[in-house]
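Each remark here refers to the structure printed beneath this line.
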Amino acid sequence: MAKRKPLIAGNWKMYKTGPQAAELTSRLKSLVPDIMDVDVMVAPPFTALEVVAGILKGSVIHLGGQDLFWEVEGAYTGEISAPMLEAAGCNYVIIGHSERRQYFGETNATVNRKIQAALPGGLIPVVCIGESEAERESNETFSVVQKQLEEGLEGITSDEIQKVTVAYEPVWAIGTGKTATTDQAQEVHQFIRGWMETAYGNSVANDVRILYGGSVKPENIGDLMTMADIDGALVGGASLDADSFAAIVRLSINAATD
Ligand code: 13P
Numbered sequence: 716m717a718k719r720k721p722l723i724a725g726n727w728k729m730y731k732t733g734p735q736a737a738e739l740t741s742r743l744k745s746l747v748p749d750i751m752d753v754d755v756m757v758a759p760p761f762t763a764l765e766v767v768a769g770i771l772k773g774s775v776i777h778l779g780g781q782d783l784f785w786e787v788e789g790a791y792t793g794e795i796s797a798p799m800l801e802a803a804g805c806n807y808v809i810i811g812h813s814e815r816r817q818y819f820g821e822t823n824a825t826v827n828r829k830i831q832a833a834l835p836g837g838l839i840p841v842v843c844i845g846e847s848e849a850e851r852e853s854n855e856t857f858s859v860v861q862k863q864l865e866e867g868l869e870g871i872t873s874d875e876i877q878k879v880t881v882a883y884e885p886v887w888a889i890g891t892g893k894t895a896t897t898d899q900a901q902e903v904h905q906f907i908r909g910w911m912e913t914a915y916g917n918s919v920a921n922d923v924r925i926l927y928g929g930s931v932k933p934e935n936i937g938d939l940m941t942m943a944d945i946d947g948a949l950v951g952g953a954s955l956d957a958d959s960f961a962a963i964v965r966l967s968i969n970a971a972t973d
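Under our numbering, residues 716 to 973 are what the sequence shown spells out, in order.
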């Protein structure tokens with residue numbers, strides 16, 4: 716079975732003003748090699764999208780939004796739509812990050828609406844799922860992930876699911892320095908792919924890209940990438956440093972082509 720093309724994505728969260736984002740992007744552009752073996756994406760705050768898009772012109776690095784609202788336009792103060800992200804130069808959008816679920820009331824139902832809004836214009840949704848520490852400790856990891864998949868992807872067709880990337884981010888590993896072991900991550904990735912197979916069939920399941928997120932660094936990306944069902948990473952803290960993020964990209968290429 717051919718492995719899927721990896722994606723290394725940087726989620727900048729609420730870090731970097733426009734000028735700071737411009738500086739980071741310029742450094743990244745010079746450090747990330749022009750290779751086609753791995754897809755690379757960065758998701759700056761909305762206020763930096765256009766400046767980052769301008770700098771990324773002519774580079775292999777893709778641009779993503781960190782969220783979107785499901786309406787195209789309207790009286791929704793503070794929100795951003797899929798066409799706005801596209802016009803700003805995005806072809807990816809992160810949906811359902813655990814921080815949005817935790818602080819902004821996102822649910823599997825809102826995640827579902829956002830995926831449905833992202834797909835028609837060609838944005839690739841990076842759909843985040845994952846269990847909390849308490850859920851893992853009470854052995855609910857698989858049931859939580861299953862519910863997130865069932866409800867989040869409800870009504871998504873097998874044509875549509877091929878455009879979706881899933882990111883497994885155990886909440887207890889985000890920003891904590893605690894990485895899931897490669898076996899812990901692989902076990903859940905395999906479960907997610909198994910769920911995809913039941914829902915969409917073998918060939919679709921084999922093609923769906925599943926990223927790992929949670930304290931990914933240059934020191935652990937190589938081992939993560941050797942696992943059969945890990946197809947890349949959604950990187951938080953380490954994506955804010957150009958050298959670290961570029962190292963993660965380079966090491967993921969080596970691991971993927973070994
Ligand atoms: P850290 O890499 O900082 O743990 O963040 C992971 C994350 O939430 C990426 O979306």
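Just so it is clear, CB atoms sit at the ideal spot from N, CA and C, and this is done for glycine as well.
Note that the structure is a prediction, hence the values are computed from the model and not measured.
DSSP puts G947 in a beta bridge; with which residues? Under DSSP, G947 takes part in a beta bridge, and its partners are L722.
Mind checking who P840 pairs with in its DSSP beta bridge? BP columns for P840 point to V808.
From E855, E801, G867 and V757, pick the residue whose C-alpha is nearest to that of L722; which is it? When each option's Cα is compared against that of L722, the closest is V757.
What is the rounded straight-line gap between the Cα of A724 and the Cα of A790? Going by C-alpha positions, A724 is about 31 Å away from A790.
Which term fits T891, buried or exposed, when burial requires 16 or more other beta carbons within 10 angstroms of its beta carbon? With fewer than 16 Cβ atoms within 10 Å of its Cβ, T891 is classed as exposed.
Put Y730 into one of helix, strand or coil per three-state DSSP. Judged by DSSP in its simplified three-state form, Y730 adopts coil rather than helix or strand.
Tell me which residue opens and which closes the beta strand (DSSP E) that T880 is part of. Residues T880 to Y883.
Leaving out five residues on either side along the sequence, give the residues of the same chain with a beta carbon under 6 Å from the beta carbon of A797. Beyond the five residues adjoining it in sequence on each side, A797 comes within less than 6 Å, by CB distance, of L783, A832, A833, G836 and L838 in the same chain, given in chain order.
Less than 8 Å separating the beta-carbons of V964 and V755? Going by C-beta atoms, V964 is nearer than 8 Å to V755.
Can you find at least 3 beta carbon pairs, one from the region 904-915 and one from the region 950-960, that sit closer than 8 Å? Taking one beta carbon from each stretch, the region 904-915 and the region 950-960 have fewer than 3 pairs nearer than 8 Å; the two do not touch.
Out of curiosity, what's the CA-to-CA distance linking L800 and F761? When rounded, the distance between both Cα atoms is 8 Å.
Considering only their Cβ atoms, is the gap separating T941 from A900 smaller than 8 Å? In this structure, T941 does not lie closer than 8 Å to A900 by Cβ.
Please list, in chain order, all residues of the same chain as D956 whose beta carbon is under 7 Å from its beta carbon, the five residues on each side excluded. Beyond the five residues adjoining it in sequence on each side, D956 comes within less than 7 Å, by CB distance, of no other residue in the same chain.
Skipping 5 residues on each side, what residues in its chain have a beta carbon closer than 8 Å to that of F857? Cβ neighbours of F857 beyond the five flanking positions: V903 and F906.
What would DSSP say about V757, mapped onto helix, strand or coil? Three-state result, V757: strand.
Beta-carbon contacts of A962 that lie in its chain and below 7 Å, excluding the five residues immediately before and after: Hits under 7 Å: P933.
Which residue's Cα is closest to the Cα of S986: N806, A920 and T825? In the structure displayed, the chain extends from 716 to 973; residue 986 sits before or after that span and is not available.
Assuming L864 is part of the alpha helix (DSSP H), what are its boundary residues? First-last of the alpha helix (DSSP H) with L864: T856 to G867.
How long is the line joining the alpha carbons of T867 and V747, rounded to whole angstroms? Per the sequence presented here, residue 867 reads as Gly, with Thr not at that position. One C-alpha to the other measures close to 33 Å.
Please determine whether the Cβ atom of I776 lies at a distance below 7 Å from any heavy atom of ligand 1. Taken from the Cβ of I776, every heavy atom of ligand 1 lies 7 Å or farther away.
Rounded to the nearest angstrom, how far is the Cβ of V808 from that of V841, given a contact under 8 Å? Sure, about 7 Å apart at Cβ, within 8 Å.
Could you give the DSSP three-state label for Y927: helix, strand or coil? If DSSP states are grouped into helix, strand and coil, Y927 belongs with the strands.
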